[in-house]
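Have a look at the structure below, then the notes.
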Amino acid sequence: MNKGFIESFFGYIGRVCIFLWAIIVKLYYLPRSFRLILEQIVHMGIGSMPIVIFTSFFAGMVTAYQASFQAGDYMPDAYLGMAVAKAFMIELAPLLTGLIVAGRVSSSLAAEIGTMRVTEQIDALESLAIDPIRYLAMPRFIAGIIVLPLLTGLSLFIAFFGGGICSIFIFDVKPIVYIEGLRMQYYPHELWGGLLKAFCFGFVISLMGTYYGFMTEGGAEGVGKAATKAVVSASILILFFDLFISWIVF
Amino acid sequence: MIKIENLYKSFNDLEVLKGLTLNVEVGETVTVIGRSGCGKSVLLKHIIGLLTPDMGDIWVDGKNVKMLSKSELYKLRLNIGVVFQGSALLDFLSVWENVALGLTENQKITVDKAKEVVRQKLSLVELEGVENKRISELSGGMKKRVAIARALAVDPIYILYDEPTTALDPITARTINELILSLKRKLRITGIVVTHDMESAFYVADRIAMLHDGKIIFDGTPTEVQTTDNKIVQNFVKGGGQY
Ligand SMILES: Nc1ncnc2c1ncn2[C@@H]1O[C@H](COP(=O)(O)OP(=O)(O)OP(=O)(O)O)[C@@H](O)[C@H]1O
Ligand SMILES: [Mg+2]
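In the order they appear, the protein sequences are chains A and B.
Numbering of the first sequence is given in this note's numbering, commencing with residue 291 and proceeding in unit increments.
Numbering of the second sequence is given in this note's numbering, commencing with residue 785 and proceeding in unit increments.
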């Protein structure tokens, strides 16, 4: 490992932390930015709903199918519901949602803010005595943190429903038995752990999207690069946090 | 009063400004001319503190821009309207939201009041009935005029125009030139106009300054510009001589 790598690695971490801190000090303006945050929540949340619903529905069906395929012969029917619920609560709902939204939202945040950077819109905000971190970054950051747990909840619900469809129509499990599985071996910290993951993923997604947006330079090409970097780094960090939180909570 | 002293700025290895000095008195309009890429826009960005000098100082109202804290700088910017070269309108907002942005974000003002100000500023630049349009629906020249209206919305003391008349047809360009003049005469707004358009330069300027090779190599009244024997200025004004 050469010195250049270490320097640039820690330099990078440092820059991200400074950027994060700049956002955090702007939380003071939170009440005033209510409308901006709401707009972003709607924009990110509603926009991501179709793909989250679609993916979760199929992932739920596949999970039920696979669980039954692997262990159907010597497993009581209710365990099917439990398998789907647990898999999605702990792991699949936050991770799937996180990765999908990372692809959709990080890139669009980076591209949107990056375009504003290269077309001098951010300079224009500065010239109007409006802090771009407060006006652009902070509302998006907060919206990301709020939206991800909500979408994860939605994903969980849809996946359980999808798994149910599969169990009921393919494996002749009675609906009531499938739903009963939800209560079996239910530990609240599994649900909270999953939502904590979602919270962190939202943090990572909006941080990376806005960070690379603000750091954009070099015209349209730079905007494209920023979008790519935002998605890649958000996805890597999501996988990292996934492991980290699983390790801490479970 | 804007005072720029011995300003140096380079980007990586590219030296853009090399000891630029320029004074703009209160109520005066100074036109800065110079070839494309000579650092005119960079100069304007230094005045509002978007770029920091490598060396040298900029004084606005007796305050040294590079020494100001962030909140002092923002307070200073409230007095300076800037028209960016590429208009730089926020494209997720409508026309009226753009023009009103400096008002709605920095002071308590009702929507009706803000809309009234917007209508008035837009009529100054001869734009009516575009308040609710999206930015992407406007032509380049309309964007430029909206950008001017936005710069005027907060009633600034200073206004910096970066090529306000490029991308405009001759008739609208004339309107803008007349607007710049009347703002100067009526409101005593101090202005710096960066331009390539010599006609506009002669029309609006009290003084014309030529930026060349990182320095102001000539600074004089429009008459002085026409009678100077400085070859570089002559050449620029006459558009490189005869064909
Ligand atoms: N942020 C920046 N990073 C690197 N180089 C820059 C930056 N801003 C400007 N430059 C360089 O500084 C030089 C002057 O740029 P500037 O935009 O001031 O030119 P200009 O005089 O306004 O030209 P034009 O009339 O074409 O607008 C150019 O060579 C440009 O490449
Ligand atoms: Mg320029």
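The beta-carbon is built from N, C-alpha and C at its ideal position, and this holds for glycine as well.
Short CB-CB distance (under 7 angstroms) between residue i and chain B
{"i": "A:Ile526", "result": "no"}
{"i": "A:Leu326", "result": "no"}
{"i": "A:Gln411", "result": "yes"}
{"i": "A:Leu418", "result": "yes"}
{"i": "A:Ala414", "result": "yes"}
Interface flag, residue i vs chain A, CB-CB below 7 angstroms
{"i": "B:Ala895", "result": "The question names Ala, yet the displayed sequence has Val at residue 895 of chain B. Closer than 7 angstroms: no."}
{"i": "B:Ala725", "result": "Outside the shown range of chain B (785 to 1027) lies residue 725 of chain B, about which nothing can therefore be said."}
{"i": "B:Arg1028", "result": "Only positions 785 to 1027 of chain B appear in the structure, and residue 1028 of chain B is not among them; the question remains open."}
{"i": "B:Arg972", "result": "no"}
{"i": "B:Arg861", "result": "yes"}
{"i": "B:Leu801", "result": "no"}
Proximity winner among the options, relative to residue i (alpha-carbon distances)
{"i": "B:Met839", "options": "B:Thr805, B:Asp990, B:Cys822 and B:Lys847", "result": "B:Thr805"}
{"i": "A:Glu410", "options": "B:Gly870, B:Ser984, B:Lys802 and B:Gly803", "result": "B:Gly870"}
{"i": "A:Pro384", "options": "A:Ala520, A:Lys515, A:Val513 and A:Gly483", "result": "A:Gly483"}
{"i": "B:Arg972", "options": "B:Leu995, B:Ile941 and B:Gly998", "result": "B:Ile941"}
{"i": "B:Leu965", "options": "B:Leu862, B:Tyr945, B:Lys1022 and B:Gly821", "result": "B:Tyr945"}
{"i": "B:Val902", "options": "B:Leu874, B:Ala935 and B:Asn1014", "result": "B:Ala935"}
{"i": "B:Lys927", "options": "B:Val895, B:Met994, B:Ala985 and B:Leu877", "result": "B:Leu877"}
{"i": "A:Pro366", "options": "A:Val463, A:Met428 and A:Pro429", "result": "A:Val463"}
{"i": "A:Ala449", "options": "A:Phe300, A:Ala361, A:Leu382 and A:Arg305", "result": "A:Leu382"}
{"i": "B:Thr956", "options": "B:Lys905, B:Arg929 and B:Leu835", "result": "B:Arg929"}
{"i": "B:Arg888", "options": "A:Leu326, A:Phe344 and A:Arg430", "result": "Reading the sequence as shown, one finds Thr at residue 888 of chain B and not Arg. Taking only the C-alpha atoms, the option nearest B:Thr888 is A:Leu326."}
{"i": "A:Ile501", "options": "A:Arg430, A:Tyr319 and A:Arg394", "result": "The sequence as given places Tyr at residue 501 of chain A; Ile does not occur at that position. It is A:Arg430."}
{"i": "A:Phe489", "options": "A:Ala357, A:Asp532, A:Ala516 and A:Glu297", "result": "A:Asp532"}
{"i": "A:Ser346", "options": "A:Leu317, A:Asp363 and A:Phe451", "result": "A:Phe451"}
{"i": "A:Ile436", "options": "A:Gly294, A:Phe324 and A:Val408", "result": "A:Phe324"}
{"i": "A:Phe387", "options": "A:Phe359, A:Phe300 and A:Ala524", "result": "Note that residue 387 of chain A is Thr in the sequence shown, not Phe. Out of A:Phe359, A:Phe300 and A:Ala524, A:Ala524 has the C-alpha closest to the C-alpha of A:Thr387."}
{"i": "A:Leu328", "options": "A:Tyr425, A:Ile495, A:Gly471 and A:Ala349", "result": "A:Tyr425"}
{"i": "B:Gly865", "options": "B:Val977, B:Ala951, B:Lys793 and B:Val895", "result": "B:Val977"}
{"i": "B:Asn863", "options": "B:Glu947, B:Phe986 and B:Ile943", "result": "B:Ile943"}
{"i": "B:Gln891", "options": "B:Val938, B:Lys917 and B:Asn807", "result": "B:Val938"}
{"i": "A:Cys307", "options": "A:Met498, A:Gln330, A:Ala401 and A:Gln360", "result": "A:Met498"}
DSSP bridge partner residues for residue i (one or two, in chain order)
{"i": "B:Tyr792", "result": "B:Lys802 and B:Met839"}
{"i": "B:Phe1002", "result": "B:Met994"}
{"i": "B:Gly865", "result": "B:Ile943"}
{"i": "B:Asp975", "result": "As written in the sequence, residue 975 of chain B is Gly, which differs from the Asp given in the question. Per DSSP, B:Thr813 and B:Ile943."}
{"i": "B:Ser878", "result": "B:Arg918"}
{"i": "B:Asn807", "result": "B:Lys787"}
{"i": "B:Lys847", "result": "B:Val844"}
Interface flag, residue i vs chain D, CB-CB below 7 angstroms
{"i": "B:Ile832", "result": "No chain D is part of this structure, whose protein chains are labelled A and B."}
Proximity test, residue i beta-carbon vs ligand 3 heavy atom, cut-off 6 angstroms
{"i": "B:Gln891", "result": "Absence of ligand 3 from the depicted structure is noted, with ligand 1 and ligand 2 being the only ligands included."}
So which residues touch the region around ligand 1, with touch meaning a C-beta under 5 angstroms from any heavy atom? B:Phe795, B:Val800, B:Ser820, B:Gly821, B:Cys822, B:Gly823, B:Lys824, B:Ser825 and B:Val826
Members of the stretch 877 to 889 of chain B that neighbour chain A once the beta carbon cut-off is set at 8 angstroms: Leu885, Gly886 and Glu889
Which residues, in order along the stretch 302 to 327 of chain A, keep a beta-carbon less than 7 angstroms from a beta-carbon of chain B? none
Residues, ordered as in the chain, of the stretch 477 to 511 of chain A that lie near chain B by beta-carbon distance below 9 angstroms: none
Closer than 9 angstroms, Cβ to any Cβ of chain A: which residues of the stretch 839 to 869 of chain B, in chain order? Lys854, Leu857, Tyr858, Lys859, Leu860, Arg861, Leu862, Ile864, Gly865, Val866, Phe868 and Gln869
Which residues, in order along the stretch 420 to 433 of chain A, keep a beta-carbon less than 8 angstroms from a beta-carbon of chain B? Ile420, Asp421 and Tyr425
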